[in-house]
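Since the structure comes first, as structure tokens, the remarks are kept for the end.
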Amino acid sequence: AAGVIQSPRHLIKEKRETATLKCYPIPRHDTVYWYQQGPGQDPQFLISFYEKMQSDKGSIPDRFSAQQFSDYHSELNMSSLELGDSALYFCASSLSPGENEQFFGPGTRLTVL
Amino acid sequence: GESVGLHLPTLSVQEGDNSIINCAYSNSASDYFIWYKQESGKGPQFIIDIRSNMDKRQGQRVTVLLNKTVKHLSLQIAATQPGDSAVYFCAERDTGNQFYFGTGTSLTVIP
Chain U
1 AAGVIQSPRH LIKEKRETAT LKCYPIPRHD TVYWYQQGPG QDPQFLISFY
51 EKMQSDKGSI PDRFSAQQFS DYHSELNMSS LELGDSALYF CASSLSPGEN
101 EQFFGPGTRL TVL
Chain V
1001 GESVGLHLPT LSVQEGDNSI INCAYSNSAS DYFIWYKQES GKGPQFIIDI
1051 RSNMDKRQGQ RVTVLLNKTV KHLSLQIAAT QPGDSAVYFC AERDTGNQFY
1101 FGTGTSLTVI P
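From first to last, the protein sequence lines stand for chains U and V. With my numbering applied, the first sequence closes on residue 113, and no number is skipped along the way. With my numbering applied, the second sequence closes on residue 1111, and no number is skipped along the way.
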């Protein structure tokens, strides 16, 4: 069965650089979520999209932005990277905003040096 | 934001025994409570959810109990297997469709 695809799987950046993470949801899933998970931490909700519109906003820094495109894939853009941005970034998708069952991708591990 | 946390960071059980993972929450207005399992190097995987107006829900080998009086949530895993070894997170979903994860509990199943 198709799963959520994230790219890249690993990314190394320098401080103050920018990064773009991509997420391809499961086909027919119209809702996408982004989470940040620091080492040994719980996933922190960043932002979500439904039908290409921002749905909810969590603890996403102002330096980050995200969007969902017409093909439902989503991109998380991160600028002025800081050491503290080093984390696993998960994308999840669901059939609709009302679904509790989110399907998570394998994550992108971002390391900021 | 809302606070969701687990009582114990680690739990070790013998294979075949039942496991109980506990979670405390603080937001009484949450619509749903959800349990996720995260294996090493993978994203969280949905296990089971329970609506806030219920006190028990059963799935395959798992049971979730919700005690709204003391704001406590538990996940019971029957006949724990080595494949159940993972970090378990409870999460709550607010009315605004945001999901808040609690601190995970690492479950180790001893063969």
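Note that beta-carbon positions come from the ideal geometry of N, C-alpha and C, so glycine has one too.
Query: Expected contact under 8 Å - CB spacing of U/SER74 and U/ASP30 to nearest Å; Result: Rounded, the Cβ-Cβ distance is 11 Å, inconsistent with contact.
Query: 9 Å Cβ cut-off: residues of chain U touching V/ASP1049; Result: ASN100 and GLU101
Query: Distance, U/ASP42 Cα to V/GLN1045 Cα; Result: 13 Å
Query: Residue environment, U/ALA19, which counts as buried when at least 16 other CB atoms sit within 10 Å; Result: buried
Query: Closest by C-alpha distance to V/TYR1100, when choosing among V/LEU1011, V/GLN1058, V/PRO1082 and V/PHE1033; Result: V/PHE1033
Query: Neighbour flag for V/ASN1097 against chain U, beta carbons, 8 Å; Result: yes
Query: Per DSSP, cross-strand counterpart(s) of U/GLN41; Result: Per DSSP, none; premise fails for U/GLN41.
Query: U/SER93 versus V/GLN1014: straight-line alpha-carbon distance, rounded; Result: 34 Å
Query: Neighbour-count burial assignment, U/GLN6, 16 or more Cβ in a 10 Å radius; Result: buried
Query: Residue closest to V/SER1040, alpha-carbon to alpha-carbon, out of V/SER1106, V/ILE1110 and V/PRO1111; Result: V/SER1106
Query: U/PRO114 at chain V interface by Cβ criterion, 8 Å; Result: Only positions 1 to 113 of chain U appear in this structure, which leaves residue 114 of chain U out of reach.
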